[in-house]
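Here the structure is laid out as structure tokens; the discussion comes afterwards.
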Amino acid sequence: MSLETLKARLVERLAPIDSWRPGVRPARSDFDLNPTMNRIAAELRPAAVLVPVIARADGATVLLTRRADTLASHTGQIAFPGGRLDPGEDAVTAALREADEEVAMDPAVVEVLGLSDAYETGTGFLVTPVVGWLHEPPRVTPSPDEVAEVFETPWNFLMDAANHRQDFYDVDAGLRRWFWAMPWGERYIWGATAGILKGLHARLYGDEAAPAAAAGEDAA
91 MSLETLKARL
101 VERLAPIDSW
111 RPGVRPARSD
121 FDLNPTMNRI
131 AAELRPAAVL
141 VPVIARADGA
151 TVLLTRRADT
161 LASHTGQIAF
171 PGGRLDPGED
181 AVTAALREAD
191 EEVAMDPAVV
201 EVLGLSDAYE
211 TGTGFLVTPV
221 VGWLHEPPRV
231 TPSPDEVAEV
241 FETPWNFLMD
251 AANHRQDFYD
261 VDAGLRRWFW
271 AMPWGERYIW
281 GATAGILKGL
291 HARLYGDEAA
301 PAAAAGEDAA
């Protein structure tokens, strides 16, 4: 797929920017593979991430970060630039601000194409993925307090369903927690980040049902 065709498909399949509303019902969540998992939050906290698609001459890539080991939660995990909304912000404003704060990505170089499926995390956040198009690789500088590393992963790898797998870890009393994972080399892309990418894949190319064995397992 050419870069022009990919960009056109994104514009066609993503939700318009002005369709965002606070408190929208999530289309996907950590609970999709864990139907018995307990929700810890009565009210979801709004958040947004930027999914930066970079139009490189040899093929599109997606910019991702590895969270700093000094953070209080989710240390070392692969993530998109993003975070919770400040009062009065919409999802696009928050995603661009967070990308600027985390990796010094200039908002002016990001062409926002639309929104992917809102995602509910097991930690009580309602995350809106904001998909941005970058016509050339951006200059980035990771904030050492938040980001240990910035890297790019090929779009074709992330959007190939053959690279999407369901992994798990065992929690208390032998219960099992399932999640999407897309391991790429030494980098383990999983959890909400992989779930958001899975949702983007579904919007663009269609979805497939989760294997019954995983979906039917108990989870905490």
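Residue numbers (the numbering used here): 91 to 310.
Where is the CB? At the ideal position from N, CA and C, for every residue including glycine.
Computed from a prediction, not measured in an experiment: that's the story for all the values here.
Taking the Cβ atom as the reference point for each residue, do residue i and residue j lie within a distance shorter than 8 Å?
i, j, result
"T155", "P219", "no"
"A137", "V217", "yes"
"P171", "A198", "no"
"Y295", "M249", "yes"
"L205", "S109", "yes"
"W270", "H291", "no"
"V230", "V193", "yes"
"V221", "L134", "no"
Let me make sure I understand the geometry here. Which of the options has the alpha-carbon closest to that of residue i?
i, options, result
"T151", "V240, D196 and W268", "V240"
"A117", "D207, S92, P177 and V182", "D207"
"A98", "V261, V202 and D196", "V202"
"E191", "N128, A181 and G173", "G173"
"E236", "E242, L175, Y295 and I168", "I168"
"N128", "L265, G289, D196 and K288", "L265"
"G289", "L93, L100, E94 and M91", "L100"
"M195", "P177, A181, E179 and W223", "W223"
"G113", "E102, D180 and P106", "D180"
"A252", "D297, Y259 and A238", "D297"
"L175", "Y259, R111 and P234", "R111"
"E94", "H225, R293, P234 and Y259", "H225"
"R277", "T126, A238 and P177", "A238"
Just list the residues that DSSP pairs residue i with in beta bridges.
i, result
"W268", "F258"
"T155", "A169 and V240"
"R103", "Looking at the DSSP assignment, R103 forms no beta bridge with any residue, so it has no partner."
"I130", "Answer by DSSP bridge pairing: none, since I130 is not bridged."
"S119", "E210"
"V220", "L140 and L205"
"W280", "A271"
"F215", "R135"
"G149", "R146"
"R174", "A137"
Excluding five sequence neighbours on each side, which residues of the same chain lie with their C-beta closer than 8 Å to the C-beta of residue i?
i, result
"W245", "L96, V143, G149, A150, T151 and V152"
"I130", "G212, T213 and G214"
"P234", "A158"
"P106", "G204 and L205"
Leaving out five residues on either side along the sequence, give the residues of the same chain with a beta carbon under 7 Å from the beta carbon of residue i.
i, result
"L274", "Residue identity differs from the one stated: residue 274 is Trp in this sequence, not Leu. For W274, where only same-chain residues beyond five positions count, the Cβ hits under 7 Å are T243 and F247."
"R146", "P227"
"A132", "none"
"D257", "F269, A271 and W280"
"R293", "R103, L104, S206 and D207"
Grab me the residues of residue i's own chain with a C-beta within less than 6 Å of its C-beta, minus the 5 sequence neighbours each way, in chain order.
i, result
"H164", "Since pLDDT at H164 reaches only 49, below the 50 mark, its modelled position is unreliable, and the value read off the structure follows with that caveat. Cβ neighbours of H164 beyond the five flanking positions: R157."
"L287", "L248"
"A299", "Because the pLDDT at A299 is just 43, under 50, the model does not fix this residue reliably, and the value given afterwards should be weighed accordingly. Cβ within range, chain order: n/a, list empty."
"Y259", "R267"
With three or more C-beta pairs closer than 8 Å as the rule, is the region 176-188 touching the region 133-143? yes
When the Cβ atoms of the region 274-292 are set against those of the region 113-128, are three or more pairs found closer than 8 Å? yes
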